[in-house]
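*Asks:* Under our numbering, the residue at position 131 of the sequence shown is numbered 349, and the numbers go up by one with no gaps.
We put the CB at the ideal spot given by N, CA and C, even for glycine.
Mind having a look at this structure? Questions to follow.
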Amino acid sequence: MLALSGGVRAGERNEALPEHLCLAEEKVLFACQEGKRRISVCGSPDLSRQAGYVQFRYGLPGSEEMIAWPEASFPRRHVIKGNVLMAGRMGVYFRFRMEDTSFVVYHVRDVQAGLVISSGGLPVSKRRCDRVSTVAWSDVPVPVGDGIAVSGVPARKVP
């Protein structure tokens, strides 16, 4: 896991918090707001089948506690994408694995988007996006996984 710094520190009110956690030179593949926190999927500028990285980030902009996984490296062994079914509509998900923990970022247009964190194959947390600002991940070159279905279980809010 990697902590990123820079940008607006949590608690600063002079300017609006950024819409995503990607660096200026990175491609913003997905970004949404979940309360004050951000859920982002970022790609390197050289992202292709032969090079680059795809990275999941979650947390408060400028916070020391932000999650960034996997390390920015190639090949992309810790991420897959696939189709997700929710409320009779198809969407896309990206699953990032870190040892026994999975972070599934999903988006079903006009239905819901969010993050499901699971450990040992069991869901431990579900975060629902309040607002989606970027979805540009349909052609991202990562391995394709199985289709999944997401239930309409209400998201637990972060205190």
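Alpha carbons only, please: which of I298, D348, V362 is nearest the one belonging to D328?
*Replies:* The residue with the shortest Cα to Cα distance from D328 is D348.
*Asks:* Are the region 300–311 and the region 356–368 touching, with three or more C-beta to C-beta distances below 8 Å?
*Replies:* Yes: the two stretches touch, three or more of their Cβ pairs being nearer than 8 Å.
*Asks:* Can you look up R256 in the DSSP assignment and give me helix, strand or coil?
*Replies:* Of the three classes helix, strand and coil, the one that applies to R256 here is strand, per DSSP.
*Asks:* So who's on the other strand from S337, going by DSSP bridges?
*Replies:* DSSP, once it has assigned bridges, lists T319, L340 as partnering S337.
*Asks:* When DSSP builds the beta bridges, which residues end up paired with F314?
*Replies:* Beta-bridge pairing links F314 to V297, F321.
*Asks:* Have a look at P279, M316, L333, V360 and flag the residue whose alpha-carbon is nearest the alpha-carbon of E289.
*Replies:* Nearest option by C-alpha distance: M316.
*Asks:* Consult DSSP for Q268 and reduce its assignment to one of helix, strand or coil.
*Replies:* It is coil, neither helix nor strand.
*Asks:* Considering R327, what are the terminal residues of the beta strand (DSSP E) in which it resides?
*Replies:* Element bounds for R327: n/a, residue is neither H nor E.
*Asks:* Relative to the C-alpha of G277, which residue among V310, S337, F321, Y311 is closest?
*Replies:* Selected option, being the one with the closest Cα: F321.
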